[in-house]
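Presented below is the structure to which this report refers.
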Amino acid sequence: MKPHFELRRIRDFGEIISDSFDFFKHNIKALVKPLIVITGFFLLITVIAHIMMQMNTITVMEGIRSGDPSASQNSVVDIYKGMGYYYAGVLPLILGVYLVTYSYMAISLEKKDGNKPTLEEVWGYFKYYFLRSAGAFIITVILCVVGTVLCLLPGIYLGVVLSLLLPVIVFENGSFSYAFGKSFKLISGNWWLTFGVILVMVMVVGFSGSIASIPIALITSFNTFLNIDTAIVYPLIALLSTLMHAIILIGYSLVAVAVALCYFSFTEQKDGTSLLQRIDQLGKQGDDNSNLPTEQY
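For the sequence shown, the residue numbers in my numbering are 2 to 298.
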């Protein structure tokens, strides 16, 4: 990372997008290690569930081809079970990726010498904020699902607003009630910007995941007609599924970085946090103010 990357400063839409990639590019090596180590368990569950779904899909197609409706019927049930297992793994995985990324960025704020956070430091933050963040994440998912079921727009609106919950909890050590209120305060006048940033980043992740999933879809389809030996098909699916979810894992971290930069920008707009920090530094002996961010007006 460039020394003293300015997290706390006002950014427009384009700057948030470009700086997200810039921060991620210069921190990817240091960030990937805690991502894999800390969220590896949920990544493994997600990959296994995805492999099971693909295997059941192959079984369904083979049953249709052979004219055995009972085999197909049972496999369809297995596919839905696999989807349940998949989402049971992917939701904790997303939470873990977001929390690891925010913990990494929170530690980066404290490092003025350009050194990158270590795995041990990130793990310490992760453990401290996990229960609070997990509770907030579960409530967010429930509210968004209910809002989407009742009417699509409330679910989308709440999803954008509550995307700031975890940043407030981690960067300000806030309680759920404080973070909930602060999220609505920060999003005021910034909803469309946040929505646009999330939409662009999710599209990037989705596009990357789609490219990685194409070989899996091709193998599944070709197997229906060519009847390839499962001893060859299943290991290939396992390998490609692991690769695809590793890409998605990194992609969700990029989304988290973008949301965090939205948080820092909105905080500077409304609270002027970095300006207050500069005022606190005035008159202190031996302090180097050369690395403080430029004031925004």
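Ideal Cβ placement from N, Cα and C applies to all residues, glycine included.
Assigned secondary structure, residue i (DSSP; H/G/I helix, E/B strand, else coil)
i    : result
T119 : coil
S176 : coil
N191 : coil
K112 : coil
E16  : helix
Q265 : Note on identity: in this sequence residue 265 is Phe, with Gln being the wrong assignment. F265: helix per DSSP, three-state reduction.
G197 : helix
I95  : helix
R133 : helix
L8   : coil
L293 : Note on L293: pLDDT 40, under 50, position unreliable in the model; the coordinate value appears next. Residue state, collapsed to three classes: coil.
G125 : helix
C152 : coil
G273 : coil
Q286 : Model confidence at Q286 stands at a pLDDT of 46, short of 50, so the residue's coordinates are unreliable; what they give is reported in the following sentence. If DSSP states are grouped into helix, strand and coil, Q286 belongs with coil.
Y298 : For Y298, the predicted structure reports a pLDDT of 34, less than 50, and the residue's modelled location is therefore unreliable. A value from the coordinates is still provided. Correct three-state label for Y298: coil.
CB of residue i within 8 Å of CB of residue j, strictly
i    : j    : result
A137 : F185 : no
F127 : I220 : no
A213 : L244 : yes
I170 : Y129 : no
P118 : F43  : no
S104 : L262 : no
R10  : F265 : yes
S109 : L8   : yes
G175 : K183 : yes
S211 : I248 : no
C145 : L166 : no
I238 : I18  : no
G90  : I46  : yes
I188 : V162 : yes
Whole-angstrom C-beta distance between residue j and residue i, which should lie under 8 Å
i    : j    : result
I199 : S164 : 6 Å
A50  : Y86  : 4 Å
V123 : H246 : Between H246 and V123 the Cβ distance is about 20 Å, and since that is not below 8 Å, they are no contact.
P216 : L250 : At roughly 18 Å, the Cβ-Cβ gap does not stay under 8 Å, so P216 and L250 are not in contact.
G197 : F24  : No, G197 and F24 are not in contact; Cβ-Cβ is about 18 Å, not under 8 Å.
A259 : F172 : That belief does not hold up - the Cβ atoms of A259 and F172 are roughly 15 Å apart, past 8 Å.
- Message: Count Cβ pairs between the region 41–60 and the region 252–262 that sit closer than 8 Å; are there 3 or more?
- Response: no
- Item | Contact between the region 23–38 and the region 263–273 (3+ Cβ pairs under 8 Å) | They do not touch, by the three-pair rule.
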